[in-house]
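Just so you know, the protein sequences line up as chains A and B, in that order. For the first sequence, the working numbering assigns the number 331 to the last residue and increments by one with no breaks. For the second sequence, the working numbering assigns the number 1444 to the last residue and increments by one with no breaks. Accompanying notes for the structure given below.
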Amino acid sequence: MSAVQEALPAVKGSRDATVRRFALTDSIFHGMTRAAAILVLVLLGGVAISLFAGSWQALSTFGFSFLTTESWNPVTEKFGALAPIYGTIITSAIAILIAVPLGIGIAIFLTELCPRPLRRPIGMAVELLAGIPSIIYGIWGLFVLAPFLQTTVQPFIISVFHGIPGLNNLFAGPPYGIGLLTSAMILAIMILPFITSITKDVFDTVPSVLKESAYGIGCTTWEVTRRVVIPYTRIGIMGGVMLALGRALGETMAVTFVIGNAHRISTSLFAPATTISATIANEFTEAVGDLYTSSLVALGLILFVITFIILAIARYMLMRIDARTGA
Amino acid sequence: MSTAASLHQSRKRRNGVMMTLCVIAAGIGLAWLALILGALLYKGLSGVNLAVFTEMTPPPGDAGGLLNAIYGSIVMTIIGIIVGTPIGVLAGTYMAEYGRFSKLTTVVRFINDILLSAPSIIIGLFVYELMVRPMGHFSAIAGAVALAILVIPVVVRTTEDMLNLVPNALREAGTAIGAPRWVVIRSVAYRAAMSGIVTGILLAIARISGETAPLLFTALNNQFWSSNLNAPMASLPVTIFQFALSPYEEWQQLAWTGALIITLTVLALSIFARSLTGRREDK
């Protein structure tokens, strides 16, 4: 009896201590996780601030004309971003034009036509291909695709469109193999797995009841896809396309191999050109002088702003379709 | 023929045409990707021999291997993972456990998704401004930090997703026997979500082991063996980039072989990662 009474305060004391220790360790852990979450925000803020600080010299020297000048001359230190911006937008736009119809076609094939036992393997193969590093596509483009285009496809197209006004400018010049069109093709094959797997995922969110009722009134597979599945998933597909566009705009290595790194704007799709990321990758370590380096960082800032806007729109769209399937 | 019948015919024809186009699209896409992998295997395999794994990168026109580049890639990947994983797991833990319904979580999720697909060359520029410029020289540690920044968003995303899948009843059971919240997270939630979190880390390794752009002006490159973290270090992707664009046949062959090594590593990692979660889903 007395032993118990003596022991009680000790137990009570150690219980209090334990509770206090638990509360302390818990708040430490809570604080650590919160700090890590805030660090993610700090990272993106840090990227924006450091790019802005690094490009300040170039932006204050050239002002707004940096965006509208084509010349890029390290000797006279005159820098303008128009040619890389042009190359970036043209290659990404053509890549999207090639990859979107192909990607949606493959997604329709996988969800509607493919024999069931093949669905999982093909779907998985597509997802695995999305993870292959871009340098692999670059090396393939340089050693396999570019020589092939140079010796067979490009001379043929040039001779076919030779006499047609308009098109002869688009497909003009000696067939280098490398250039805008080759880069766009490499980008297209790179983003194809992204578009396919996102489109397939949003197609899978269509309630079977909707599709079955359309089949029930006698619609063909194409009509169900065109009138039910695609309208229902439009936002998701757009989100996926924007996400792929963000990838294409910022893609560095695959393009650097095959773009040709020429700072000029040419109407011909066969001409060598450059993109923002390829310019940075090619010239950054060799840049002499602060203004040169600063101009390259300014290119990075432009790319950051463009991709940030595109990716934000993409995420917003994908969040909306997520919210709908969750409801 | 009546109009109804001809309408039926034209609808059927249109369906046939469109579905054929879809099959052709799938054919083109898969054939194209198969061509790339085929060329990679064909050109890469012919250069695989013991020297690739035991000798240093050669000077132009000489035979040699990729040992220093492989070593550099492994070292920087490991440091990148060691630095990036704890931050990513902790941030994901906050989003799924402490702050599941807080405004901060919504913002972090949005920003994290943007970081996930931000161009990696931008991260390279960031680390250049952050570390290389103040230190005055390129270094392996700057390259590893750049890779760590790429690891974080991948790990955050998978950790949050996997912890959200853990049933609340498990957490409540832990809390009911008096365990404080962080003990519940550590011994219940982490344990239940373990294979998913590991999958995220493996996918992060797969992602960074092929990254070239963020290393170009952080770790630079090094033709010789170097284990000094404060000096430029070779890496497999940057070496491939340099060798592939060179005019020397030996270098180009090594570039193909290096490309094959990276691709097989990345594919093996992603298949292994998927098999971890795949097994769980089947249960």
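Positions of the beta carbon are idealized from the N, C-alpha and C atoms, including for glycine.
Pairwise C-alpha distance: residue j and residue i
| i | j | result |
| --- | --- | --- |
| Val-1269/B | Ala-41/A | 7 Å |
| Arg-324/A | Leu-1437/B | 30 Å |
| Arg-24/A | Met-36/A | 18 Å |
| Gln-1/A | Ile-190/A | Nothing can be reported for residue 1/A: it is not among the residues displayed for chain A, which extend from 5 to 331. |
| Phe-1262/B | Ala-85/A | 43 Å |
| Thr-225/A | Gly-107/A | 18 Å |
| Ala-285/A | Pro-137/A | 16 Å |
| Asn-1389/B | Glu-1290/B | 21 Å |
| Val-8/A | Leu-1311/B | Legend: pLDDT at Val-8/A = 47, less than 50; position of this residue unreliable, value from coordinates given subsequently. Going from the Cα of Val-8/A to the Cα of Leu-1311/B covers about 59 Å. |
| Gly-1253/B | Leu-1377/B | 30 Å |
| Glu-116/A | Ala-248/A | 23 Å |
| Ile-234/A | Leu-214/A | 12 Å |
| Phe-56/A | Tyr-296/A | 15 Å |
| Glu-1442/B | Gly-1357/B | Its pLDDT being 46, under 50, Glu-1442/B is placed unreliably in this model, and the value from its coordinates should be taken loosely. Taking the straight line from one Cα to the other gives about 11 Å. |
| Ala-1200/B | Phe-308/A | 34 Å |
| Val-1178/B | Gln-1170/B | 12 Å |
DSSP-derived helix/strand/coil call for residue i
| i | result |
| --- | --- |
| Phe-83/A | strand |
| Trp-1386/B | coil |
| Asn-1391/B | coil |
| Asn-1176/B | helix |
| Asn-265/A | coil |
| Asn-1229/B | helix |
| Asn-286/A | helix |
| Asn-1329/B | helix |
| Arg-324/A | helix |
Candidates the options: closest to residue i by CA position
| i | options | result |
| --- | --- | --- |
| Phe-1287/B | Gly-1241/B, Val-1306/B and Leu-1277/B | Val-1306/B |
| Ile-1248/B | Thr-1424/B, Ala-1354/B and Val-1317/B | Val-1317/B |
| Ser-1281/B | Glu-81/A, Asp-20/A and Gly-254/A | Gly-254/A |
| Ile-1243/B | Asn-1391/B, Ile-1362/B, Ala-1429/B and Leu-1390/B | Ile-1362/B |
| Gly-1260/B | Asn-1325/B, Gln-1170/B, Leu-1277/B and Ala-1330/B | Asn-1325/B |
| Tyr-320/A | Thr-311/A, Leu-295/A and Gly-240/A | Gly-240/A |
| Leu-1196/B | Phe-33/A, Ala-52/A and Ile-140/A | Ile-140/A |
| Thr-1360/B | Thr-1319/B, Pro-1314/B, Thr-1336/B and Phe-1385/B | Thr-1319/B |
| Val-1427/B | Leu-133/A, Leu-28/A, Ala-291/A and Thr-115/A | Leu-133/A |
| Ser-69/A | Gly-17/A, Pro-137/A and Ala-87/A | Ala-87/A |
| Tyr-236/A | Ala-252/A, Ser-217/A and Pro-211/A | Pro-211/A |
| Val-104/A | Ser-31/A, Trp-76/A, Ile-202/A and Leu-185/A | Ile-202/A |
| Trp-1193/B | Gly-222/A, Ile-193/A, Gly-244/A and Ser-298/A | Ile-193/A |
| Tyr-1232/B | Asn-1329/B, Asn-1383/B and Leu-1251/B | Asn-1383/B |
| Phe-198/A | Pro-121/A, Leu-28/A, Asp-20/A and Ala-129/A | Ala-129/A |
| Ala-188/A | Val-206/A, Leu-101/A, Asp-326/A and Asp-205/A | Leu-101/A |
| Met-53/A | Ile-1284/B, Ile-1239/B and Leu-1227/B | Reading off the sequence, residue 53/A comes out as Ile, not Met. Ile-53/A has its Cα closest to that of Ile-1284/B, out of Ile-1284/B, Ile-1239/B and Leu-1227/B. |
Residues of its chain near residue i, where Cβ-Cβ distance is below 7 Å and the 5 sequence neighbours each way are ignored
| i | result |
| --- | --- |
| Ile-182/A | Ala-150, Val-262, Ile-263, Gly-264 and Pro-276 |
| Lys-1444/B | Because the pLDDT at Lys-1444/B is just 36, under 50, the model does not fix this residue reliably, and the value given afterwards should be weighed accordingly. Correct list: empty, nothing qualifies. |
| Thr-1373/B | Pro-1398, Val-1399 and Phe-1402 |
| Glu-287/A | Leu-300 |
| Met-5/A | For Met-5/A, the predicted structure reports a pLDDT of 44, less than 50, and the residue's modelled location is therefore unreliable. The matter cannot be settled from this model. |
| Tyr-1148/B | Here chain B covers residues 1162 to 1444 and nothing more, so residue 1148/B does not appear. |
| Val-245/A | Ile-100, Val-104 and Ile-199 |
Same chain, Cβ closer than 6 Å to residue i, neighbours up to 5 away in sequence not counted
| i | result |
| --- | --- |
| Gly-58/A | Val-301 |
| Val-1327/B | Ala-1350, Ala-1353 and Ala-1354 |
| Pro-1314/B | Asn-1273, Leu-1276 and Leu-1277 |
| Ala-331/A | Because the pLDDT at Ala-331/A is just 44, under 50, the model does not fix this residue reliably, and the point stays unresolved. |
| Leu-305/A | Leu-55 and Ser-59 |
| Leu-1155/B | Absent from the model: residue 1155/B. The displayed extent of chain B is 1162 to 1444, so no value can be given. |
| Thr-256/A | Ser-281 and Ala-285 |
Run of the alpha helix (DSSP H) containing residue i, from where it starts to where it stops
| i | result |
| --- | --- |
| Thr-1266/B | 1264 to 1278 |
| Glu-131/A | 120 to 133 |
| Gly-243/A | 234 to 254 |
| Asn-172/A | 171 to 174 |
| Thr-1320/B | 1301 to 1326 |
| Phe-4/A | Coverage of chain A is limited to positions 5 through 331, which leaves residue 4/A absent and any answer about it impossible. |
| Ile-1362/B | 1351 to 1370 |
| Phe-1287/B | 1281 to 1288 |
| Arg-1342/B | 1342 to 1345 |
| Ile-140/A | 138 to 144 |
| Val-1399/B | 1397 to 1405 |
| Gln-158/A | 158 to 164 |
| Gly-220/A | 212 to 220 |
| Glu-1216/B | First-last for Glu-1216/B: undefined, no H or E at that position. |
Close Cβ partners of residue i (< 8 Å) along its chain, the five nearest in sequence each way excluded
| i | result |
| --- | --- |
| Gly-1225/B | Ala-1212, Glu-1216, Met-1217, Thr-1218, Pro-1219, Glu-1411 and Leu-1415 |
| Gly-1190/B | none |
| Thr-271/A | Asn-173, Leu-174 and Ala-176 |
| Ala-1165/B | none |
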